[in-house]
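This report refers to the structure that appears directly beneath it.
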Amino acid sequence: MLFSICLSFSLKAICQTVEIKLVTKNNDTIKDYKIKGNYSFENNMILDLENELTVYDGAGKKKKFFPTELKSFSFMNNEKLVEFFNIEDKVFGLLLYTNKLRLLKVIKPGYTKVNFYVVERPNNGKVSFMEAMGLSRLISQKVIKREITDCPVILEKVDNKTLKINGEEGVIELVKSYESDCF
Numbered sequence: 121m122l123f124s125i126c127l128s129f130s131l132k133a134i135c136q137t138v139e140i141k142l143v144t145k146n147n148d149t150i151k152d153y154k155i156k157g158n159y160s161f162e163n164n165m166i167l168d169l170e171n172e173l174t175v176y177d178g179a180g181k182k183k184k185f186f187p188t189e190l191k192s193f194s195f196m197n198n199e200k201l202v203e204f205f206n207i208e209d210k211v212f213g214l215l216l217y218t219n220k221l222r223l224l225k226v227i228k229p230g231y232t233k234v235n236f237y238v239v240e241r242p243n244n245g246k247v248s249f250m251e252a253m254g255l256s257r258l259i260s261q262k263v264i265k266r267e268i269t270d271c272p273v274i275l276e277k278v279d280n281k282t283l284k285i286n287g288e289e290g291v292i293e294l295v296k297s298y299e300s301d302c303f
């Protein structure tokens, strides 16, 4: 009995469809599609959507979009707006933060999955890929010094540990500080 209740809830979550908004390379907005799935785990969602997006029209016909075709897409997941943006026409990244800078997250699958935090700068178009390695999934000082060379204030804060990068919230704080100090 308990098994059948759990199964019905999980099937309901998997089979749900939600409206999705697509933005093409020509800045056209398309709202005629839906996406299947209700993602409970962020990493599963990223892995499922970062290389291609599968959508369905009103008749249930399937269509795939790739990073070379879209600028972005967004949908509601668990009552929260989820946005993915194209990164260099190679992959879609989950938006974690945006203001002057944009912080996105992608995952490199493999034997051990590696989270990459991607910082896009508006003024020069430079994109930084900061990998979060190890059991604690932290971005190392070495990676920060490699990718944020244009902001000595941030490098000093990281060196003297006034800016600590603990988990994903720490990465967001790093980008906010980088933005306020150097943009």
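Per the numbering used here, the sequence shown starts with residue 121, numbered consecutively.
Note that CB positions come from ideal geometry on N, CA and C, so glycine has one too.
Between the CA atoms of residue j and residue i - distance to the nearest angstrom
i: V143; j: T232; result: 32 Å
i: V138; j: D152; result: 11 Å
i: A133; j: K156; result: Confidence at A133 is low in this model, with a pLDDT of 44, below 50, so the placement of that residue should be treated as unreliable; the coordinate-derived value is given next. Whole-angstrom Cα-Cα distance: 9 Å.
i: G180; j: F204; result: 23 Å
i: E289; j: L221; result: 16 Å
i: V247; j: S260; result: 18 Å
i: P229; j: F185; result: 20 Å
i: N280; j: F195; result: 40 Å
i: P272; j: V278; result: 10 Å
i: N286; j: L173; result: 31 Å
i: D168; j: E162; result: 10 Å
i: N146; j: R266; result: 34 Å
i: N198; j: G178; result: 22 Å
i: E276; j: M253; result: 22 Å
i: E189; j: G245; result: 19 Å
C-beta atoms of residue i and residue j nearer than 7 Å
i: V295; j: Y176; result: no
i: N206; j: K191; result: yes
i: I166; j: L214; result: yes
i: V239; j: L223; result: yes
i: F193; j: I150; result: no
i: E251; j: V234; result: yes
For residue i: DSSP bridge partner residues
i: T149; result: V143
i: I207; result: V211
i: A252; result: N235
i: M196; result: L201
i: V226; result: F236
i: F185; result: L173
i: K156; result: T137
i: L258; result: M253
i: T218; result: R222
i: V247; result: E240
i: L190; result: T144
Close Cβ partners of residue i (< 8 Å) along its chain, the five nearest in sequence each way excluded
i: I274; result: I264, I268, L283, L294, S297, Y298, D301, C302
i: N243; result: F303
i: N164; result: none
Beta-carbon contacts of residue i that lie in its chain and below 6 Å, excluding the five residues immediately before and after
i: V211; result: E170, P187, V226
i: Q136; result: N158
i: K183; result: V175
i: F249; result: F236, V238
Proximal residues to residue i (C-beta, below 7 Å), its chain only, five neighbours per side dropped
i: I292; result: L216, Y217, L223
i: K154; result: T137, V138, E139, I140, V175, Y176
i: D270; result: C302
i: R241; result: L221
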